[in-house]
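Below is one structure, written out as C-alpha cells; the observations come after it.
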Amino acid sequence: MARRKMSPKDLEALLRRAHSLAWDGQWTEAAALYQEVVEARPAMPGALLGLAQAYAALGRPGDALQALTRAAELHPQDPLIFTRRADFLLEAQRTDEALADYDRAARLWMAQGQPEQAQHIWQRLSRTLAGHPLPHRRLAEGLEASGAAPQALAAYLRAARLYQEQGQKQAAEEMCQAALRLDPGNGEALFLLESIREGRKPTEAPAPPTSAPPPGGGPAAAARERALTELAEEVLGAGEKGAPPPSPDAEALATAETWIGQAIDLQMRGQVDQAIEAYERALDLGADRPAIHFNLGLLYREKLRFAEAIHHLSRSQKDPEYALGSHYALAECYRAQGDVDHALAHFVEALKIVDLQTVQREQADNLIRLYENLAESYLAKGERARAVAFMNSLVQLLGSKGWEDKVREARQRLDALTSTGVTISLAELLDVPHSQEVFACISLSQEYARRGLHFSAVEECYRGIALAPLCLPLHLHLAEILLQAGRVEEALEKLTMVAETYAARGEKVQAVGVYRRLLRAAPMDVKARSRTIGLLLEAGQVDGALEEYLALADAYYQLAQLDKALETYREALKLAPRAAQAKRWQTRLLHRMGDIHLQRVEWRRALQVYTQIKALAPEDERARFCLVDLNLKMRQVPQAIQELDELLALFRQRGEPDKERALLEELASQWPELIPLRSRLAQAYLAQGDTRKAVTELDNLGELQLRAGQKRQAAETIRLLISLAPEEAEGYRRLLAQIQGQEGGGP
Numbered sequence: 026m027a028r029r030k031m032s033p034k035d036l037e038a039l040l041r042r043a044h045s046l047a048w049d050g051q052w053t054e055a056a057a058l059y060q061e062v063v064e065a066r067p068a069m070p071g072a073l074l075g076l077a078q079a080y081a082a083l084g085r086p087g088d089a090l091q092a093l094t095r096a097a098e099l100h101p102q103d104p105l106i107f108t109r110r111a112d113f114l115l116e117a118q119r120t121d122e123a124l125a126d127y128d129r130a131a132r133l134w135m136a137q138g139q140p141e142q143a144q145h146i147w148q149r150l151s152r153t154l155a156g157h158p159l160p161h162r163r164l165a166e167g168l169e170a171s172g173a174a175p176q177a178l179a180a181y182l183r184a185a186r187l188y189q190e191q192g193q194k195q196a197a198e199e200m201c202q203a204a205l206r207l208d209p210g211n212g213e214a215l216f217l218l219e220s221i222r223e224g225r226k227p228t229e230a231p232a233p234p235t236s237a238p239p240p241g242g243g244p245a246a247a248a249r250e251r252a253l254t255e256l257a258e259e260v261l262g263a264g265e266k267g268a269p270p271p272s273p274d275a276e277a278l279a280t281a282e283t284w285i286g287q288a289i290d291l292q293m294r295g296q297v298d299q300a301i302e303a304y305e306r307a308l309d310l311g312a313d314r315p316a317i318h319f320n321l322g323l324l325y326r327e328k329l330r331f332a333e334a335i336h337h338l339s340r341s342q343k344d345p346e347y348a349l350g351s352h353y354a355l356a357e358c359y360r361a362q363g364d365v366d367h368a369l370a371h372f373v374e375a376l377k378i379v380d381l382q383t384v385q386r387e388q389a390d391n392l393i394r395l396y397e398n399l400a401e402s403y404l405a406k407g408e409r410a411r412a413v414a415f416m417n418s419l420v421q422l423l424g425s426k427g428w429e430d431k432v433r434e435a436r437q438r439l440d441a442l443t444s445t446g447v448t449i450s451l452a453e454l455l456d457v458p459h460s461q462e463v464f465a466c467i468s469l470s471q472e473y474a475r476r477g478l479h480f481s482a483v484e485e486c487y488r489g490i491a492l493a494p495l496c497l498p499l500h501l502h503l504a505e506i507l508l509q510a511g512r513v514e515e516a517l518e519k520l521t522m523v524a525e526t527y528a529a530r531g532e533k534v535q536a537v538g539v540y541r542r543l544l545r546a547a548p549m550d551v552k553a554r555s556r557t558i559g560l561l562l563e564a565g566q567v568d569g570a571l572e573e574y575l576a577l578a579d580a581y582y583q584l585a586q587l588d589k590a591l592e593t594y595r596e597a598l599k600l601a602p603r604a605a606q607a608k609r610w611q612t613r614l615l616h617r618m619g620d621i622h623l624q625r626v627e628w629r630r631a632l633q634v635y636t637q638i639k640a641l642a643p644e645d646e647r648a649r650f651c652l653v654d655l656n657l658k659m660r661q662v663p664q665a666i667q668e669l670d671e672l673l674a675l676f677r678q679r680g681e682p683d684k685e686r687a688l689l690e691e692l693a694s695q696w697p698e699l700i701p702l703r704s705r706l707a708q709a710y711l712a713q714g715d716t717r718k719a720v721t722e723l724d725n726l727g728e729l730q731l732r733a734g735q736k737r738q739a740a741e742t743i744r745l746l747i748s749l750a751p752e753e754a755e756g757y758r759r760l761l762a763q764i765q766g767q768e769g770g771g772p
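For the sequence shown, the numbering used here puts the final residue at 772, and the numbers step up evenly by one.
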C-alpha cells in the first residue's frame with residue numbers, strides 16, 4: 026500500500042489531532058491517526074511514542090513495545106524513548122530488560138549534559154526496585170559525582186548489602202571500597218567488608234558517633250578562598266611599599282601584617298590553633314578586616330568553639346563580599362548547637378542572596394518579598410520538623426560540589442516553569458520532600474510537553490505530585506500543560522486552586538502572580554480580577570490594585586456592561602489618593618469615565634468629569650479641549666470661549682503656536698459659523714505672519730459679522746483687512762464706505 030504523501034504542515038496538524046484524541050481518551054481514533062503519521066513519516070518520534078501510549082491504553086502491550094522498539098532503532102540517542110520503553114518493560118515484569126534500557130537512558134541523559142534526569146531514573150527505581158542493587162549503585166555513582174558524599178555513601182552501602190544477599194561477592198566488595206573511598210574510617214563499611222570477605226551474613230553495624238559538620242562547605246568554602254586571597258594580596262602589597270615612616274601605629278600595623286601572613290600559612294597547613302592565635306594577634310594590633318573575622322569564624326567553628334565563631338561571623342556578614350559565606354557558616358554553627366530558629370534564619374538569608382544572584386532584575390523585588398519573614402513563618406506555625414527538613418535540603422544543595430552550577434540549573438528550570446510571570450523562589454522547591462526528584466519530574470514533563478505529548482507530560486507531573494502533593498509549582502506546571510493541550514477550563518480551575526492555596530498560606534505575592542497568569546488566559550474573568558484586586562490591597566500594593574481596577578473596568582466595557590465599568594472606576598477613584606502618584610491615577614481614571622460618558626452622549630456628566638480633571642491637572646490639554654467641545658455641543662458658547670481662551674493661553678505660555686493654530690483650525694472647521702472662533706483663528710494667523718491665510722479668514726469673519734448684523738465689528742474687520750494691503754483692497758474700501766454710509770458716519 027502506497028504511503029499517503031503529506032506536507033510537514035499537514036503532518037503536524039494530524040499529529041496535534043492525534044494528541045488531542047489521546048487526551049480525550051479516544052484511543053482507537055488516536056491510534057489510527059498516529060499510525061497514519063508513522064506511515065507518512067516513519068522516523069517521527071512523537072508519533073511513535075504516541076502510538077505506543079495508545080496501544081498500551083487499548084490493552085495491546087506487545088504492539089506498544091514494538092512501536093517503542095522501532096522508535097529506539099530509529100533514534101538510538103533519544104533517552105526519552107528508552108525511558109518509555111523501560112517503563113513498559115517494567116510493567117510487563119521484564120525487569121532485567123527494563124534495567125538495561127534505564128541504564129542506557131541514564132547514560133544518554135548524562136551525555137546530553139542532564140545528569141539530574143539520570144539521577145531521577147535511579148532515585149525512582151531505588152524505591153520501586155528497592156531489592157535490586159543496580160539502581161542503588163548507579164544512584165550512588167551519580168551522587169558521588171555531584172559531591173553529595175553522605176548520600177552516596179549510604180547508597181553504596183545499600184548496594185553492597187544487596188549484592189552480598191545475591192551472592193555477588195566481588196560486586197559487594199567493590200561497593201564497600203567505593204564507600205571507604207568517601208569515608209576511609211567508616212565503621213559500617215569496614216564491618217560489612219569484613220563480613221563479605223569472611224562469607225558471613227552481615228548484621229547491622231553500630232551507627233557512627235555524631236561529629237561536627239565539615240568546616241565551611243559550599244558558599245563558606247568559596248568565601249574562605251576569597252578571604253585568603255584578599256589577605257595574601259594585602260600582605261604582599263604592604264611588603265612592596267617598603268617600611269612606613271616610624272610611628273607607633275605604623276609599627277603596630279606592620280607587625281599585624283606579619284601575623285596575618287603567618288596566620289594564612291598556618292590556616293592553609295591545617296594548624297588551626299596556631300592560625301587562630303596569629304589572627305587574634307593581628308586583630309589586637311588594629312588589623313580589623315572582614316576577611317580576618319570570616320577566617321577566624323571558620324577556624325573557631327572547626328574547633329567547635331561556636332560562641333567565638335558566631336561572634337566573628339556576625340562581624341563579617343556585614344560586608345557584602347562575605348555576607349553569603351558568613352550567613353551560611355553562621356547557620357551551620359547554630360544548627361550544630363541545635364538552635365533551629367537562628368540556623369533557619371541564616372540559611373534563609375544565605376539562600377536569598379544566592380537566589381537574587383540568579384534572577385532577572387525585574388524579578389528581584391518580588392523575590393525579596395517572598396523571602397521576607399520566611400523563617401518566622403515556619404516557626405510561627407510550629408512546623409519545626411518541616412524547618413529541619415528544609416535546612417537539610419538546602420545543605421544538600423549548597424553544601425555539595427558544584428553548588429553554583431546546581432543553583433543556576435535549578436533557577437533555569439524554575440524560570441522555564443514560570444515563564445508566565447509567576448515568581449518562584451528556590452526556597453519553595455527546597456521546601457518539598459524529594460526536591461531533587463521533583464525537579465527532575467518537572468524537567469522530564471517539560472520535555473514531553475515540548476514534543477506535544479501532553480498526556481505523558483501530565484503523567485510525569487502526577488508522578489512528581491505523588492512525591493510532593495503540596496508542591497504548588499508542580500500544580501502550576503500542570504496547569505500550563507493543560508493550557509497547552511487546549512484544556513482551558515481544567516487549567517483555569519487548577520490555577521484558581523493554586524492561587525487560593527497561596528493566599529491561604531499568606532503568600533499574597535504568589536497568589537497575585539498566579540491570578541495574573543489566569544487572567545492572561547481568561548482576561549474577561551471578572552471574578553478572578555476582583556480577587557486579584559483584593560489580594561493586592563491586602564498586600565498594600567495600591568498601584569498594582571489600581572492597574573487591576575483598570576483591567577476589570579475594561580473587561581466590563583468589553584462585555585458592554587458600562588454601568589459596572591463606571592462603578593469600578595468610581596471604586597478605584599476612592600483608592601487613588603493612597604497611590605504613590607495620586608494625581609496621575611485620578612486623572613487617568615477620570616479620563617476613562619469621561620470617555621464612557623462621551624460615548625453614551627451624557628454630555629453634562631462628561632462635563633463634570635473633565636471639570637474635575639482640569640482642577641486636578643490644569644495642564645491637561647485633552648481635558649481642556651473636551652471642555653471646549655462639550656460646551657459648544659451644549660450651545661454654551663460663552664463658557665466654551667472662556668475655556669478656549671484659557672487653553673490658548675496655556676499654549677502661548679509654553680511657546681507652542683502650532684498647537685494653537687491647529688486647534689483653532691479644527692474648531693473652525695467643525696463650527697464654521699461661530700464668529701469668536703473665526704476671530705481667534707484670524708488673530709493666530711496674523712500673530713504667526715501668515716498674511717494670506719489671515720486675509721482669507723478676515724474676509725470670512727467680516728461676512729459672518731455682516732450676516733449677523735454686527736456692522737460696527739464688520740467695519741473694524743474690513744479696516745484691518747485694508748491695512749494688510751490685499752489685492753482686493755479697493756473693493757474692501759468700497760464695502761467699508763457702504764457700511765459707513767448705512768451707519769451715517771465718516772471714516
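Even for Gly, the Cβ is constructed at its ideal location relative to N, Cα and C. As the structure is a computational prediction, the values presented were derived from the model and not from experiment.
For residue i, the three-state DSSP class (helix, strand or coil)
i      : result
ALA642 : coil
THR283 : helix
THR636 : helix
TYR511 : In the sequence as displayed, the identity of residue 511 is Gly instead of Tyr. The answer is coil: DSSP assigns GLY511 none of H, G, I, E or B.
HIS459 : coil
PRO498 : helix
TRP696 : coil
ALA268 : Low confidence applies here, because ALA268 scores a pLDDT of 48, under 50, leaving its location unreliable and the question unanswered by this model.
TYR353 : helix
MET135 : helix
ASP128 : helix
ALA173 : coil
TYR347 : coil
GLY212 : helix
ARG609 : helix
LEU115 : helix
VAL653 : helix
Beta-carbon gap between residue i and residue j smaller than 8 Å
i      : j      : result
LEU478 : ALA504 : no
ARG409 : VAL365 : yes
GLU1   : THR557 : Shown here, the chain extends from 26 to 772; a query on residue 1 therefore has no answer.
TYR353 : LEU308 : no
TYR347 : PHE319 : yes
GLU73  : ALA92  : According to the sequence as given, residue 73 is Leu; it is not Glu. Cβ distance < 8 Å, so LEU73 and ALA92 count as in contact.
ALA279 : ALA288 : no
GLU370 : ARG360 : According to the sequence displayed, residue 370 carries Ala and not Glu. No.
VAL539 : ALA524 : yes
HIS145 : ALA465 : yes
ALA604 : LEU571 : yes
THR448 : LEU392 : yes
ALA312 : ILE285 : yes
Cutoff 6 Å; reference residue i; Cβ partners in own chain excluding five residues on either side
i      : result
ALA648 : TYR635, ILE638 and LYS639
ALA130 : PRO104, PHE107 and THR108
TRP52  : ALA79, ALA82 and LEU83
Beta-carbon separation (whole angstroms), residue i vs residue j, contact threshold 8 Å
i      : j      : result
GLN765 : ALA740 : 7 Å
ALA848 : ALA196 : This structure cannot settle anything about residue 848, because the visible part of the chain is limited to 26 through 772.
LEU577 : ALA546 : Not really, about 16 Å apart at Cβ, beyond 8 Å.
LEU46  : GLU54  : 5 Å
ALA356 : ALA375 : 6 Å
ILE747 : LEU761 : 7 Å
HIS459 : ALA493 : 6 Å
LEU655 : LEU632 : 5 Å
Own chain residues within Cβ distance below 7 Å of residue i, not counting five before or after
i      : result
ALA580 : PRO548, MET549, VAL551 and ARG554
ALA528 : ALA536 and LEU560
ALA334 : GLY322, TYR325, ARG326 and CYS358
ARG42  : LEU58
ASP35  : none
Sequence-distant residues of its chain with Cβ nearer than 8 Å to residue i (five each side left out)
i     : result
LEU90 : ALA77, ARG110, PHE113, LEU114 and ALA117
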